[in-house]
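Per our numbering, the very first residue in the sequence shown carries number 3; after that it's consecutive. Each remark here refers to the structure printed beneath this line.
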Amino acid sequence: MKIIDGTNAVLGRLASYAAKQALLGEEIVILNCERVIITGNRANIRERFEAKRRRIGSGQKGPKHSRLAHLIVKRAIRGMLSHRSGRGKEAFRRIKCYEGVPEEFKDAKKIVGSKEKKARFIHVEEITK
Numbered sequence: 003m004k005i006i007d008g009t010n011a012v013l014g015r016l017a018s019y020a021a022k023q024a025l026l027g028e029e030i031v032i033l034n035c036e037r038v039i040i041t042g043n044r045a046n047i048r049e050r051f052e053a054k055r056r057r058i059g060s061g062q063k064g065p066k067h068s069r070l071a072h073l074i075v076k077r078a079i080r081g082m083l084s085h086r087s088g089r090g091k092e093a094f095r096r097i098k099c100y101e102g103v104p105e106e107f108k109d110a111k112k113i114v115g116s117k118e119k120k121a122r123f124i125h126v127e128e129i130t131k
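This is the structure:
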């Protein structure tokens, strides 16, 4: 099992790493999903996310984009898997995302997902408000 601390990790890089490891058969746990960053212009990121939220079709049909930080990260990972095929479906089930750090992972050894902060970015928690 690989436990990844998502604090200041870039969303796309974190998602691709988690997807690859899950396809290899690893159990993946991502903590602090609300502290993951998305690089780029703040206004553009927020505008694109709100546009996705407004684009829901009828009540029963999707695509539905969540406002919860851990589901935003999980959906980014899903985009990097072939989640409709058997292998991708199994890999997606091996991924768990959490906001904050649950009690069971408090003192576990974590992989740090960040190196340095980029100049222009927005935290996932800022677009969930």
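Yeah, the Cβ is synthetic: ideal placement off N, Cα and C, and Gly gets one too.
Continuous alpha helix (DSSP H) stretch holding residue i: start and end
i	result
His-72	71-80
Leu-13	13-25
Lys-91	88-95
7 Å CB neighbourhood of residue i in its chain, flanking five on each side removed
i	result
Lys-76	Ile-97 and Cys-99
Range of the contiguous beta strand (DSSP E) that encloses residue i
i	result
Val-126	Element bounds for Val-126: not the beta strand (DSSP E) but the alpha helix (DSSP H), 126-129.
Lys-111	Where Lys-111 is concerned, there is no enclosing beta strand (DSSP E), given that its DSSP letter is neither H nor E.
Lys-66	That residue, Lys-66, is in no beta strand (DSSP E); it is neither H nor E in DSSP.
Lys-119	Lys-119 -> no beta strand (DSSP E), and no H or E assigned at all.
Neighbourhood of residue i by C-beta, 6 Å cutoff - its chain only, sequence neighbours within 5 removed
i	result
Glu-36	Ala-71, Glu-101, Val-126 and Glu-127
Arg-44	Ile-124
Ala-110	Ile-5
Ser-18	Met-82
Inter-residue CB distance, residue i and residue j (contact presumed, cutoff 8 Å)
i	j	result
Thr-41	Arg-122	6 Å
Met-82	Ala-21	4 Å
Leu-26	Gly-115	At roughly 17 Å, the Cβ-Cβ gap does not stay under 8 Å, so Leu-26 and Gly-115 are not in contact.
Leu-140	Val-38	With the chain covering 3 to 131 only, the question about residue 140 has no answer from this structure.
Closer than 7 Å: residue i CB and nearest the ligand PLP heavy atom
i	result
Ala-121	Annotation note on the ligand PLP: not contained in the displayed structure, which lists no ligands.
Chain-order list of residues whose beta-carbon lies under 8 Å from that of residue i (same chain, five-residue window excluded)
i	result
Ile-47	Ile-40, Ile-124 and Ile-129
Uninterrupted beta strand (DSSP E) stretches inside the stretch 30-59 (no shorter than 3 residues):
Segments of the beta strand (DSSP E) lying fully in the stretch 30-59: 30-33 and 39-41.
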